[in-house]
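Only one structure is covered here, and it is reproduced in the block below.
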Amino acid sequence: MESVKEEREDMKIEEVFSLKQEETETQTDLTVLKEDSQKLNDKEDKNHHDFMTRGKSTKKTSSQKRVQITKSNGLFTCCQCGKCFSQKKKLVLHMRVHTAEKPFTCQQCGKSFTTELNLKKHMRVHTGEKPFTCQQCGKSFSQKGNLKVHMMVHTGEKPFTCQECGKSFTAELNLKKHMRVHTGERSFTCQECGKSFTQNGNLKVHMRIHTGEKPYICTQCVKCFAHKNTFNYHMNIHIQEKSFTCRKCGKSFTDKQSLEVHMKVHTGEKPYTCSLCGKSFTQKKSLSHHMKNHNGEKLFACDQCGKRFRYKNSISKHMRLHTGERPYTCKLCGKSFTQKGSLKIHLRIHKR
């Protein structure tokens, strides 16, 4: 449940395109710059002049000063790469590819952009404006491109296909992430334990093991969780009935997957086998815990004495030696214990 999937086809549209936009800013795609230069001439942009002048640069930019104008056959040629343009201002705009100049700065957060149009798009982050609305479901977006990708939810279109396995995606960024499954690339490494991941998001979730961060809080019982899927599963306890019932023993579950895992108790099925010792398990997470016994991985360290443990609950129990906490109390005589198992052993005294 707590593992982070390699693929997230249901990735939020906004997240995909914010990453895409940053990538575009860095690489300064020439096609986009050409489109932007045309849009800068639109009358609609001039109507917004007063709003955007706060982030505009001076009329005579440094790129204009550096451009060496070579005009032949009515075309303006870039002295850096030889690309030709029909207008001088388009050449000036193009030169920012080579100079990395970003003259349009947001007065709200200080982020800079190569074109005024990109600054205008960025300003919607601060204003909350979402002018592009889906006619199918009414959902609104700040960028036109985001709406286009969203429309694929309704049309079922997945134009980006993996040449290795044939799997298709709605966004090119999702395809790029998927390709790491085939290449084995793991560019995101944990500085604490050296473990590597294919996705930056997976690394962020992994870091919670070391930091102890639990950002997902249940408003019903104030219980905290490190992972969103665990939190969502927990919320079903409060908002849903246990509609999936085992026909063997009558035990009920909130989802079908949990019932299927439970059924292995009755069938004896253990599909997850350790490749080192051959021991089998009913659940994948049980195998993962078992594997730590072979590789000796101890990720959890006590900040009091430095002792390390393989499991997080082990360090929680160990901390009671330092805090003196005894959460398990005998209701018959009031004696308290640090471990639940110790209380169970103690209760045998009263049963004699």
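The sequence shown: position 19 = 19 (UniProt numbering), numbered continuously. Every residue gets a Cβ at the ideal spot worked out from N, C-alpha and C, and that includes glycine.
Decide if residue i is buried, meaning its Cβ has at least 16 other Cβ atoms within 10 Å, or exposed.
i           : result
N174        : buried
Q143        : buried
L30         : Low local confidence applies: a pLDDT of 40 at L30 is under 50, so the model's placement there is unreliable, and no value is given.
H49         : Here the model assigns H49 a pLDDT of 43, short of 50, so the residue's position is not dependable and the matter cannot be decided.
residue 394 : No answer is possible for residue 394: it lies beyond the span of the chain, which begins at 1 and ends at 352.
S63         : Bear in mind that a pLDDT of 46 at S63, under 50, signals an unreliable position, so the model cannot answer this.
R96         : buried
V149        : buried
K285        : exposed
N47         : The pLDDT assigned to N47 is 41, lower than 50, so where the model puts this residue is not dependable; a value taken from the coordinates is nonetheless given after this. Exposed: under 16 other Cβ atoms inside 10 Å.
T115        : buried
L91         : buried
residue 378 : Only positions 1 to 352 of the chain appear in the structure, and residue 378 is not among them; the question remains open.
R66         : In this prediction, R66 has a pLDDT of 49, which is less than 50 and means its spatial position is unreliable; what the coordinates show is noted afterwards. With fewer than 16 Cβ atoms within 10 Å of its Cβ, R66 is classed as exposed.
H182        : exposed
P131        : exposed
K351        : exposed
L147        : buried
T155        : exposed
I345        : exposed
T211        : exposed
F51         : Legend: pLDDT at F51 = 41, less than 50; position of this residue unreliable, no value from coordinates given.
H206        : buried
T198        : buried
Using 8 Å as the threshold, is the C-beta distance between residue i and residue j below it?
i    : j    : result
L75  : C84  : yes
C246 : H262 : yes
S168 : K158 : yes
F188 : A171 : no
R208 : S196 : no
K122 : C106 : Position check: residue 122 holds His in this sequence, whereas Lys was assumed. Yes, these two residues count as a Cβ contact at 8 Å.
Y233 : C224 : no
C134 : M151 : yes
L287 : Y311 : no
Q257 : H238 : no
K279 : H290 : yes
C190 : L203 : yes
So if DSSP puts residue i in a beta bridge, which residue, or which two residues, is it bridged to?
i    : result
A301 : R308
F231 : In DSSP, F231 forms no bridge with anything.
C193 : In the DSSP output, where bridge partners are listed per residue, C193 has none listed.
I209 : BP columns for I209 are empty, so no partner.
C224 : I217
S252 : T245
C84  : T77
Assuming the contact rule is C-beta atoms closer than 8 Å, residue i and residue j should be a hit. Round their C-beta distance to whole Å, please.
i    : j    : result
S336 : R348 : Not a contact, Cβ separation roughly 17 Å.
F281 : K292 : That pair is no contact at about 13 Å.
C330 : L343 : 6 Å
H322 : Q304 : 5 Å
M235 : C249 : The Cβ separation is near 25 Å, so there is no contact.
F244 : F253 : 5 Å
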